[in-house]
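S.K.: A single structure is presented below for examination.
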Amino acid sequence: MSEYPDPDEEYELMYSDELEMMREVEDHVGPNPIRKKMNLVKRSLDFSSTPSNYPVTLNQDINIPSTDQVLTNNDNNSISQDDRIPSHKRTAEELFGDIGDIDFESLQLPNKKQKTEEESDFDLISKIIEGRRLRQMLNEPSNRIQADTKSFYNVKENMSLDIPSWPFMALTNSDGNRVYVKLESEDSWNTSLDNCSNELSLHASLASAWEEARKILENKTQVTNQIDEDVIQTPINENVDLWVDKYRPNSYIDLLSEEPVNRALLHWLHLWDKIVFKKDVIVKEPQQQNKFVKRTGQFQLTNKWKGKKETEVEMDEDGRPHHKVALVCGPPGVGKTTLAHLLAKLAGYRPVELNASDERSTEAFQTALQSATLMRSVLDADKRPNCLILDEIDGAPTQTVELLVKWCMASLKEEGKKKGKSHPLRRPVIAICNDLYATSLRPLRPISLIVTVNAVSQARLSARLGVVAKREHITINPRLLTALAARAQGDVRSALHVLSFCRARGKPLNIDDIENTSFGMKDCNKTMIQALQAIFAINDKDPNAALKIIQAAGEYDRLAEGIFENYLSARVDARLHIACETTSWLRLYDLVYAWILRNQNYSLYGLLPYCLSRCHTVLASRQPFRVKFPMQAQDMFRKKAELESIVSSVWRGSVPSVLIGRKTLLLDVIPLLPYLLSPQLRSGNIQLCSENEKKSVAICAGAMCDYGLQYVQQRTPEGLYAFVLEPNVHRVAFMENIDRVKTNPTVRQAIAQEQQLEIIRRNDQMMTRNCKKTEESKTTRKEKPKPEIKLPNHLQRLQPKAVEKSTPQVHKDFFGRIVPLSQVQKQDAVSDVISLSNVFYQYREGYNNAVRRNVRMRDLL
Amino acid sequence: MVVFFSKSETESGVPEWAIVEVQGLIQIKKDQSGPTVVGDLHFFNRNKHPVLILGHHVLNGKEMKLEQPMAVIEKNENNGKVEYAVKAIVKKKLLFKSRPKPIISNVADRI
Chain A
802 MSEYPDPDEE YELMYSDELE MMREVEDHVG PNPIRKKMNL VKRSLDFSST
852 PSNYPVTLNQ DINIPSTDQV LTNNDNNSIS QDDRIPSHKR TAEELFGDIG
902 DIDFESLQLP NKKQKTEEES DFDLISKIIE GRRLRQMLNE PSNRIQADTK
952 SFYNVKENMS LDIPSWPFMA LTNSDGNRVY VKLESEDSWN TSLDNCSNEL
1002 SLHASLASAW EEARKILENK TQVTNQIDED VIQTPINENV DLWVDKYRPN
1052 SYIDLLSEEP VNRALLHWLH LWDKIVFKKD VIVKEPQQQN KFVKRTGQFQ
1102 LTNKWKGKKE TEVEMDEDGR PHHKVALVCG PPGVGKTTLA HLLAKLAGYR
1152 PVELNASDER STEAFQTALQ SATLMRSVLD ADKRPNCLIL DEIDGAPTQT
1202 VELLVKWCMA SLKEEGKKKG KSHPLRRPVI AICNDLYATS LRPLRPISLI
1252 VTVNAVSQAR LSARLGVVAK REHITINPRL LTALAARAQG DVRSALHVLS
1302 FCRARGKPLN IDDIENTSFG MKDCNKTMIQ ALQAIFAIND KDPNAALKII
1352 QAAGEYDRLA EGIFENYLSA RVDARLHIAC ETTSWLRLYD LVYAWILRNQ
1402 NYSLYGLLPY CLSRCHTVLA SRQPFRVKFP MQAQDMFRKK AELESIVSSV
1452 WRGSVPSVLI GRKTLLLDVI PLLPYLLSPQ LRSGNIQLCS ENEKKSVAIC
1502 AGAMCDYGLQ YVQQRTPEGL YAFVLEPNVH RVAFMENIDR VKTNPTVRQA
1552 IAQEQQLEII RRNDQMMTRN CKKTEESKTT RKEKPKPEIK LPNHLQRLQP
1602 KAVEKSTPQV HKDFFGRIVP LSQVQKQDAV SDVISLSNVF YQYREGYNNA
1652 VRRNVRMRDL L
Chain B
60 MVVFFSKSET ESGVPEWAIV EVQGLIQIKK DQSGPTVVGD LHFFNRNKHP
110 VLILGHHVLN GKEMKLEQPM AVIEKNENNG KVEYAVKAIV KKKLLFKSRP
160 KPIISNVADR I
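Now the structure itself:
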């Protein structure tokens, strides 16, 4: 109780100023009515939710002044006076700022000097005041402290150096001066007590004020209670810490996780001491170790870390632990992050957390890593070295993890060579993940110390929940707590959340609440295979488990594929009723999913898991069933694309004369094409074949040319060269049975040769046809102009031929300036006999005028 | 391209000619009646290589011996009788097949 102040008390301390203010501005509308309302609401909640607590706190508050001296009363008075004049307080704040304690002590000092000998109670008072101040400081931000710092003893009023008029007691102080201290009468004592009680019974008046305010509120809103109340209450919960944070373990013994796990991580952290704190790690002697094992006998078996320690060398040559990173993994909510933080603190580090909400790109990660491990906090007073905690590292991209690994592997000796280019790891790094086997963590796993935090045992969890409930003044049946712990499945966080949620609702818990609360699980991803297994297995405990798992897994289309792949083998189904039922559900699924995708309207998306879970009700069986991973759909899709590409290449390659629609090509031509392409020949040698056979080969070659097919030589895995049809229509025609119509390799070769010749023949034909065409076109062109000239000869006139004027050639120099003719001629005059000669020589390299003759291809064939 | 050219040389009464073979064409700018001077044929003193100067080109060639010697024969008809007179014998050819080198005579005074 001393550590955790009662919430009401805490509230009192936090809002005492505001309460005072409120009382003042009660009559007229304050500057911010909303805030006022809020405060009022807060009060009301405390009254309504914990009526039993309230008187207790009141008594406590009253107790303090009644047991103490008059002086404390005066103190209280002075507090109230100060608070009633907010302007005065403001100035004090402005003047002194945040130096509350200095202020306090300096004011206290003369007080002590004068009184220490006589009134030992002063010490007590000051102690109490100090204690209160400290508690306040612990509980809330510093700006509230001023209230207490001014609560010193009013020296002038109660003491004087002259003989006063009021009743007094004479004292001698340390300087030898006489001091007169006021004596209080019984009456004044009582009045001061009354004052105090008035002060403290403030709650009552506030309660009445709240009643009024609530009436006004109710008149205003006129909204029915329940929903509205919830809405009003929500802001309150925001102010209060989450219970998870509030009851976070503060010491090693508070940890809920298993002892060996904690110990392993802590030990690993201590291994860093040599490089971080420059002190040698004390490695325990084996005997001591055994002793320890004996003492904590129950951990002996589960403690993997122990076994490892004996065999492996834990430090590398740099004095760093062998494992550079500790990888803490476990289900969500068991306190991995808490464990890491607490242990880092215990080991003397300052934990620096980097989690999924921070940027995870490689550059950002690198800067974060360096700043966290190379720097040291300046602002922190204790200057402890950092310990980097990478939360939810399985969500980080692979590159980031690889960077971390690379960085960890760099040794200190390399650093010396490179001189500051790379900064190897000098601080412990704790990585936290849910899924140890995430693909991105693969490089990290071998170099890290893997610490598995298992789910918290039910007994420990329920015990802890009991402690929390007791602190929160919830009366709850231990049976219920056990049920809650069982329901949470070791998830501390969700259990605490449920507890606090139930408390916030204000109703007493019952077993149904616990059974029905749906646990909002964090990071509970189920893999597709898990979901498939759940679909094909009967779950007696929870009929809806399959649906939940399906929803958790997502990827409904893959799940549907998985069901489709496995539904025939799942149960004995002689009459195919089950198959019919399943397919009908899958059909509905397809219908809905197709509609969703077509319309891009995801309002029906929530229905998809229900279709799948219906399949579960049909298909589930008690026998263990090995679920096949859905590969077929992918396979088939790939195959389809492949075959379609073959068809389209045939379609594109075929000659216009045989071009038909793709569908007709696929259905009517391609299935028969292989038969056409495999003529029956007695031997591979065409020359030896009969006329009929030659004809069939020619037809075959022609067909191949028509459809753009070709025999291509390919190297088989055995190292032989085989002729393969390209594009391979056999695959389309016979699906997989390519060998159904198989031609002899020699025949294939013959056909290939024949086809080559056919291609050349066709090309030649095309060429000659083109030539003929051009010739024809030329003749027509020649003929055509003739009819145009219809003028008879006698009407024709001779056109005078235009005389070409030879413009005198102007010589220009490089810059385009006209060079005077005389200069040009002068230059020409220089030229000698050689350049003037009429004969000149034209060199023709590689020219040979040997006899040539045109030979046509068809002459050779 | 081969161009037949003959060059006279005397030896034991019958003149000996030679074929001049050139890789290229010899072109004439203007049509001129009468014999035209095509170029100058020289021999290097040292190794007896033929050098032909054609227009503004210098051609370096070599002397080759013909596999089959040839005779240049003139056909004469005298009163129904046909006579063949040997004008010359060709035993070798001068082959100019390399790329010609230009003769640059008109060099500017100042560059």
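In order, the protein sequences belong to chains A and B. In terms of the numbering used here, the first sequence opens at residue 802 and continues consecutively. In terms of the numbering used here, the second sequence opens at residue 60 and continues consecutively. The C-beta atom is built at its ideal place from N, Cα and C for all residues, glycine as well. As the structure is a computational prediction, the values presented were derived from the model and not from experiment.
Does the beta carbon of His110 of chain B come closer than 9 Å to any beta carbon on chain A?
M.R.: Position 51 of the second sequence, counted from the start, is the residue given in the question as residue 110 of chain B. As written in the sequence, residue 110 of chain B is Val, which differs from the His given in the question. Chain A contact via Cβ: absent.
S.K.: Alpha carbon to alpha carbon, how far is Pro1132 of chain A from Asp1292 of chain A?
M.R.: Counting from 1 along the first sequence, the entry for residue 1132 of chain A is found at position 331. Counting from 1 along the first sequence, the entry for residue 1292 of chain A is found at position 491. Spanning the two alpha carbons is a distance of roughly 8 Å.
S.K.: Closer than 9 Å, CB to CB, is His115 of chain B near chain A or not?
M.R.: Mapped onto the second sequence, residue 115 of chain B falls at position 56. Chain A, which has a Cβ nearer than 9 Å to the Cβ of His115 of chain B, makes this yes.
S.K.: To the nearest angstrom, report how far apart Val1254 of chain A and Cys1130 of chain A are at their CA atoms.
M.R.: Along the first sequence, one-based indexing puts residue 1254 of chain A at 453. Along the first sequence, one-based indexing puts residue 1130 of chain A at 329. Roughly 6 Å separates the two Cα atoms.
S.K.: Under 8 Å Cβ-Cβ, which residues of chain A neighbour Pro159 of chain B?
M.R.: To locate residue 159 of chain B, count along the second sequence from 1; it is residue 100. Neighbours of Pro159 of chain B on chain A, chain order: Tyr1642 and Tyr1644.
S.K.: Please state the DSSP three-state secondary structure of Phe103 of chain B.
M.R.: Within the second sequence, the letter at position 44 stands for residue 103 of chain B. Here Phe103 of chain B sits in coil by DSSP.
S.K.: For the segment 75–90 of chain B, list every residue whose C-beta sits within 9 Å of some C-beta in chain A, in sequence order.
M.R.: Here the close residues are Val81, Gln82, Gly83, Leu84, Ile85, Gln86, Ile87, Lys88 and Lys89.
S.K.: What is the rounded straight-line gap between the Cα of Arg1359 of chain A and the Cα of Pro1431 of chain A?
M.R.: Residue numbering aside, residue 1359 of chain A sits at position 558 when the first sequence is read from its first letter. Residue numbering aside, residue 1431 of chain A sits at position 630 when the first sequence is read from its first letter. Going from the Cα of Arg1359 of chain A to the Cα of Pro1431 of chain A covers about 7 Å.
S.K.: Taking 9 Å as the CB-CB cut-off, is Val1652 of chain A touching chain B?
M.R.: Counting from 1 along the first sequence, the entry for residue 1652 of chain A is found at position 851. False, the Cβ-Cβ gap to chain B never drops below 9 Å.
S.K.: Between the alpha carbons of Asn1493 of chain A and Met1568 of chain A, how many angstroms are there, rounded?
M.R.: Here residue 1493 of chain A corresponds to residue number 692 of the first sequence, with the count starting at 1. Here residue 1568 of chain A corresponds to residue number 767 of the first sequence, with the count starting at 1. Whole-angstrom Cα-Cα distance: 29 Å.
S.K.: In the DSSP assignment, find the unbroken alpha helix (DSSP H) run with Ser1414 of chain A in it and report its ends.
M.R.: The residue given as residue 1414 of chain A occupies position 613 in the first sequence. That run of the alpha helix (DSSP H) goes Leu1409 to Leu1420.
S.K.: For Thr973 of chain A, report the span of its beta strand (DSSP E) as first-last.
M.R.: On the first sequence, residue 973 of chain A is found 172 positions in, with the first residue counted as 1. Segment Phe969 to Thr973, the beta strand (DSSP E) holding Thr973 of chain A.
S.K.: Looking at Tyr1648 of chain A and Pro159 of chain B, is the spacing between their C-beta atoms short of 9 Å?
M.R.: Position 100 of the second sequence, counting from 1, holds the residue named residue 159 of chain B. Position 847 of the first sequence, counting from 1, holds the residue named residue 1648 of chain A. No, the Cβ-Cβ distance between Pro159 of chain B and Tyr1648 of chain A is not below 9 Å.
S.K.: Alpha carbon to alpha carbon, what distance is there between Leu1297 of chain A and Thr1168 of chain A?
M.R.: Indexing the first sequence from 1 puts residue 1168 of chain A at position 367. Indexing the first sequence from 1 puts residue 1297 of chain A at position 496. Going from the Cα of Thr1168 of chain A to the Cα of Leu1297 of chain A covers about 36 Å.
S.K.: Is Gly1131 of chain A helix, strand or coil by DSSP?
M.R.: Taking the first residue of the first sequence as position 1, residue 1131 of chain A is located at position 330. Coil.
S.K.: Measure the C-alpha to C-alpha separation of Leu1473 of chain A and Gly1509 of chain A and round it to an integer number of angstroms.
M.R.: As a first step, residue 1473 of chain A is located in the first sequence; it is residue number 672 there, counting from the start. As a first step, residue 1509 of chain A is located in the first sequence; it is residue number 708 there, counting from the start. C-alpha separation (whole angstroms): 16 Å.
S.K.: Could you spell out the range, first to last residue, of the beta strand (DSSP E) harbouring Ser1249 of chain A?
M.R.: Taking the first residue of the first sequence as 1, we reach residue 1249 of chain A at position 448. From DSSP, the beta strand (DSSP E) with Ser1249 of chain A extends over Ser1249 to Thr1253.
S.K.: From the DSSP secondary-structure annotation, give me the bridge partner or partners of Leu774 of chain A.
M.R.: Past the boundaries of the shown model lies residue 774 of chain A; chain A is included only from 802 to 1662, so the question cannot be answered.
S.K.: Are the C-beta of Gly93 of chain B and some C-beta of chain A separated by less than 9 Å?
M.R.: On the second sequence, residue 93 of chain B is found 34 positions in, with the first residue counted as 1. No, no contact with chain A.
S.K.: Are at least three pairs of beta-carbons, each pair with one atom in the segment 1423–1442 of chain A and one in the segment 1329–1336 of chain A, less than 8 Å apart?
M.R.: Yes, the segment 1423–1442 of chain A touches the segment 1329–1336 of chain A.
S.K.: Using 8 Å as the Cβ pair cut-off and three pairs as the minimum, do the segment 1436–1447 of chain A and the segment 1397–1410 of chain A touch?
M.R.: Output reads no: the segment 1397–1410 of chain A does not touch the segment 1436–1447 of chain A.
S.K.: Counting contacts by CB-CB distance shorter than 9 Å, is Lys1587 of chain A in contact with chain B?
M.R.: Translated into positions along the first sequence, residue 1587 of chain A becomes position 786. With a pLDDT of 48 at Lys1587 of chain A, under the threshold of 50, the predicted position of this residue should be treated as unreliable, though the coordinate-derived value follows. No - not a single Cβ of chain B is within 9 Å of the one on Lys1587 of chain A.
S.K.: Can you give me the Cβ contacts of Ile1487 of chain A inside the same chain, cut-off strictly under 6 Å, excluding the 5 residues immediately before and after it?
M.R.: The sequence position of residue 1487 of chain A within the first sequence is 686, counting from 1. Excluding positions up to five away in sequence, the list reads Ala1551.
S.K.: For the segment 1059–1067 of chain A against the segment 1139–1148 of chain A, are there 3 or more C-beta pairs whose distance is under 8 Å?
M.R.: Judged by Cβ distances under 8 Å, the segment 1059–1067 of chain A makes contact with the segment 1139–1148 of chain A, as three or more pairs qualify.
S.K.: When the distance is taken between beta carbons, is Asn1545 of chain A closer than 9 Å to Leu1489 of chain A?
M.R.: Sequence index remark: in the first sequence, residue 1489 of chain A carries index 688 (1-based). Sequence index remark: in the first sequence, residue 1545 of chain A carries index 744 (1-based). Cβ distance not < 9 Å, so Leu1489 of chain A and Asn1545 of chain A don't count as in contact.
S.K.: If you draw a straight line from the C-alpha of Met1536 of chain A to the C-alpha of Val1525 of chain A, how long is it?
M.R.: Here residue 1536 of chain A corresponds to residue number 735 of the first sequence, with the count starting at 1. Here residue 1525 of chain A corresponds to residue number 724 of the first sequence, with the count starting at 1. Rounded to whole angstroms, Met1536 of chain A to Val1525 of chain A spans 16 Å at the Cα level.
S.K.: Name the residue from A:Val982, A:Pro968 and A:Asn974 whose alpha carbon lies nearest to the alpha carbon of Ser961 of chain A.
M.R.: Counting from 1 along the first sequence, the entry for residue 961 of chain A is found at position 160. The candidate whose alpha carbon is nearest that of Ser961 of chain A is A:Val982.
S.K.: If we define contact as Cβ-Cβ less than 9 Å, is Leu1662 of chain A a contact residue for chain B?
M.R.: To locate residue 1662 of chain A, count along the first sequence from 1; it is residue 861. No, because no Cβ of chain B sits closer than 9 Å to the Cβ of Leu1662 of chain A.
S.K.: What does Gly120 of chain B touch in chain A if you count any residue whose Cβ is under 7 Å from its own?
M.R.: Stepping through the second sequence from its first residue, residue 120 of chain B is reached at position 61. By Cβ distance, chain A contributes nothing, its closest Cβ being about 12 Å from Gly120 of chain B, past 7 Å.
S.K.: According to DSSP, is Tyr1048 of chain A part of a helix, a strand, or is it coil?
M.R.: Position 247 of the first sequence, counted from the first residue, corresponds to residue 1048 of chain A. Coil at Tyr1048 of chain A, not helix or strand.
S.K.: Can Val1530 of chain A and Pro1480 of chain A be called in contact, C-beta distance under 9 Å?
M.R.: Translated into the one-based positions of the first sequence, residue 1530 of chain A becomes position 729. Translated into the one-based positions of the first sequence, residue 1480 of chain A becomes position 679. No. Outside cutoff.
S.K.: How would you call Tyr1512 of chain A, buried or exposed, if buried means at least 16 neighbouring beta carbons within 10 angstroms?
M.R.: In the first sequence, residue 1512 of chain A corresponds to position 711, counting from 1. It is buried - the Cβ of Tyr1512 of chain A has at least 16 other Cβ atoms within 10 Å.
S.K.: Just to make sure I have the definition right: I need the residues of chain E whose C-beta is within less than 9 Å of the C-beta of Gly98 of chain B. Which are they?
M.R.: No chain E is present in this structure, whose protein chains are A and B.
S.K.: Compute every distance between the C-beta of Leu1057 of chain A and the non-hydrogen atoms of the ligand ZN, then say whether any falls below 8 Å.
M.R.: With respect to the ligand ZN, the structure offers nothing, as it holds no ligand at all.
S.K.: For Met1536 of chain A, report the span of its beta strand (DSSP E) as first-last.
M.R.: Along the first sequence, read from residue 1 onward, the residue named residue 1536 of chain A stands at position 735. First-last for Met1536 of chain A: undefined, no H or E at that position.
S.K.: Leaving aside the five residues before and after Glu136 of chain B along the sequence, list all residues of the same chain whose C-beta is less than 8 Å from its C-beta, in chain order.
M.R.: Against the second sequence, residue 136 of chain B aligns to sequence position 77. Within the same chain, Glu136 of chain B has close Cβ partners Glu142.
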